[in-house]
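Residue numbers (this note's numbering): 20 to 158.
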Amino acid sequence: MRVPLSKIKEIVCNKYNIDPSRLFMKGRKRDVVIARQAFAYLAYSINNELGYNKLGEYMNLNHATVIHASKQVQGFMEFDKFYRAEISELYEECLKHSIEKIKIEEFNIKLVGGLVNKLLNCKNNIQLKEILQIYINKL
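Here it is in structure tokens:
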């Protein structure tokens with residue numbers, strides 16, 4: 020599944036109360052570092068086809084820094100169940116915004132909308148049955 024990086028950034032910044040413009044700035048302020056590491060881990064975990072180089076470009080960081088950030092999160096998750104729960108919660112929130120899920124939902128809305136229109140124009144039970152069978156087959 021793919022989730023737009025801008026959406027992951029928004030979710031992480033909201034969770035950690037960080038201004039999005041600060042997330043990728045150079046610096047070692049603890050609150051920003053924690054959010055930046057969470058972003059790197061989530062972005063790579065969800066969109067691993069990007070690779071560390073592309074993710075580093077997006078974050079304006081070296082790919083090695085992105086790898087280090089991801090490993091830091093993995094290490095913290097092994098020993099801190101609260102942090103693991105926090106990252107899992109962020110992960111689930113991000114997946115709600117996957118591109119594939121949005122496309123499926125848009126398709127379903129169009130499909131249902133078309134079905135409702137045809138049902139409203141239906142003249143008899145035989146026609147109704149035929150229309151429903153066509154839409155059942157599309158699902």
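All residues carry an ideal CB built from backbone N, CA and C; glycine is no exception. These numbers come from a predicted model, not from an experiment.
Practice item. Starting from the C-beta of Y60, find all residues in its chain whose C-beta is less than 6 Å away, skip the five residues before and the five after it, and write them out in chain order. Key: S89 and V92
Practice item. For K28, decide whether its Cβ has a neighbour in chain C, counting only Cβ atoms nearer than 7 Å. Key: Judged by its chain identifiers, the structure shown contains no chain C, having just a single protein chain.
**Study point:** 6 Å Cβ shell around R49 - same chain, five flanking residues per side excluded
**Key:** none
Exercise for review: Go through its chain and collect everything with a Cβ distance to I86's Cβ below 7 Å, but skip five positions before and after it.
Suggested key: Y71
Review point. Counting pairs of beta carbons, one from the region 65-82 and one from the region 99-107, are three or more of them closer than 8 Å?
Key: no
Point to revise | Candidates M96, P23 and A54: closest to I37 by CA position | key: A54
Review point. Cα separation between K28 and E112?
Key: 12 Å
Exercise for review: For the alpha helix (DSSP H) holding R103, just list the boundary residues, first then last.
Suggested key: K100 to L114
**Study point:** Alpha carbon of L80 to alpha carbon of E97, nearest angstrom
**Key:** 25 Å
Check your understanding: According to the neighbour-count rule (16 or more other Cβ atoms, all chains shown, within 10 Å of its Cβ), is N66 buried or exposed?
Key -> buried
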